[in-house]
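J.: Chains as they are written, first to last, in this note's numbering: chain A, 1 to 117; chain L, 118 to 231.
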Amino acid sequence: GAVVSQHPSRVICKSGTSVKIECRSLDFQATTMFWYRQFPKQSLMLMATSNEGSKATYEQGVEKDKFLINHASLTLSTLTVTSAHPEDSSFYICSARLFTGGTGELFFGEGSRLTVL
Amino acid sequence: AQSVTQLDSQVPVFEEAPVELRCNYSSSVSVYLFWYVQYPNQGLQLLLKYLSGSTLVKGINGFEAEFNKSQTSFHLRKPSVHISDTAEYFCAVSVQAAGNKLTFGGGTRVLVKP
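Have a look at this one:
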């Protein structure tokens with residue numbers, strides 16, 4: 001199956017710094033990627049839809065200036081958590097859409113665990 | 118807007134016993150339905166999906182699910198679980214296309230006991 005890779009898998013940073021998480025589709029091109037956030041023992045909440053070559057579409061309640069998304073190529077989307085604070089600590093998961101001649105399928109990355117001290 | 122409810126937050130089960138994870142959804146339009154599994158500190162892996170056609174869907178690792186439109190349910194079953202099935206299971210729906218954004222249920226943690 002298609003592979004989506006996230007980097008880094010774990011990151012610890014100090015409060016006030018910015019952190020970038022990368023999501024790459026390794027063996028296919030993805031015009032659309034999705035970013036999810038997962039709190040401990042909870043479900044995944046969609047944060048935004050990342051569209052190659054255009055601005056991301058954010059879900060209601062997600063701060064655009066806090067969570068910067070860039071989808072500069074067909075295989076890479078990045079999520080930058082700006083001025084991170086402890087409440088931003090979470091597990092961030094991306095998914096990429098692969099069109100297989102029909103309606104497509106989503107493939108998920110391994111996730112990135114962010115800990116803000 | 119659509120929503121997904123997983124009725125059981127945790128399901129303990131003995132090895133080689135059957136398991137059923139319940140999922141109900143709410144939507145004013147037709148949906149596509151999915152079950153994903155998540156192992157600790159990992160992303161999600163697709164178990165199975167319902168797009169159209171037969172309401173009984175077979176997936177990987179011996180799992181199957183049945184779409185019931187009248188009851189708006191998509192319960193997941195496995196006749197005999199293994200220790201390795203211990204994980205978090207998520208039911209999800211998509212209303213526009215199978216490759217579009219998903220709405221997830223709260224998840225069900227399955228703990229398989231020896």
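Virtual Cβ for every residue (Gly too), placed ideally from N, Cα, C. Nothing here was measured: the structure is a model prediction, and the numbers come from that model.
Run the CB neighbour count on A:I93, radius 10 Å, all protein chains shown included, and call it buried at 16 or more, exposed below.
T.: The residue is buried, with at least 16 neighbouring Cβ atoms inside 10 Å.
J.: Counting only the same chain and skipping the five closest in sequence on each side, list residues whose C-beta sits under 8 Å from that of L:Y149.
T.: Within the same chain, L:Y149 has close Cβ partners K166, Y167, L168, V210, S211, V212, A214, A215.
J.: Between L:Y153 and chain A, is there a C-beta pair that is closer than 9 Å?
T.: Interface residue, yes.
J.: Please list the residues of the stretch 19 to 44 of chain A that have a C-beta atom closer than 9 Å to any C-beta atom in chain L, keeping them in chain order.
T.: Within the stretch 19 to 44 of chain A, the residues whose Cβ lies closer than 9 Å to some Cβ of chain L are T32, F34, Y36, Q38, K41, Q42, S43, L44, listed in chain order.
J.: Thinking C-beta only, is A:G109 closer than 9 Å to A:S5?
T.: In contact: A:S5 and A:G109 (Cβ atoms closer than 9 Å).
J.: Any Cβ of chain L within less than 9 Å of the Cβ of A:G111?
T.: Yes, A:G111 lies at the interface with chain L (some Cβ there is under 9 Å from its Cβ).
J.: Can you check which of these residues, L:K175, L:T172, L:V121, L:T220, is closest to L:C140 by C-alpha distance?
T.: Per the Cα distances, L:V121.
J.: According to the neighbour-count rule (16 or more other Cβ atoms, all chains shown, within 10 Å of its Cβ), is A:D65 buried or exposed?
T.: By the 10 Å Cβ count, A:D65 comes out exposed.
J.: Take the Cβ of A:H85 as the centre, count every other Cβ of all protein chains shown within 10 Å, and call the residue buried at 16 or more, exposed below.
T.: Label assigned to A:H85: exposed.
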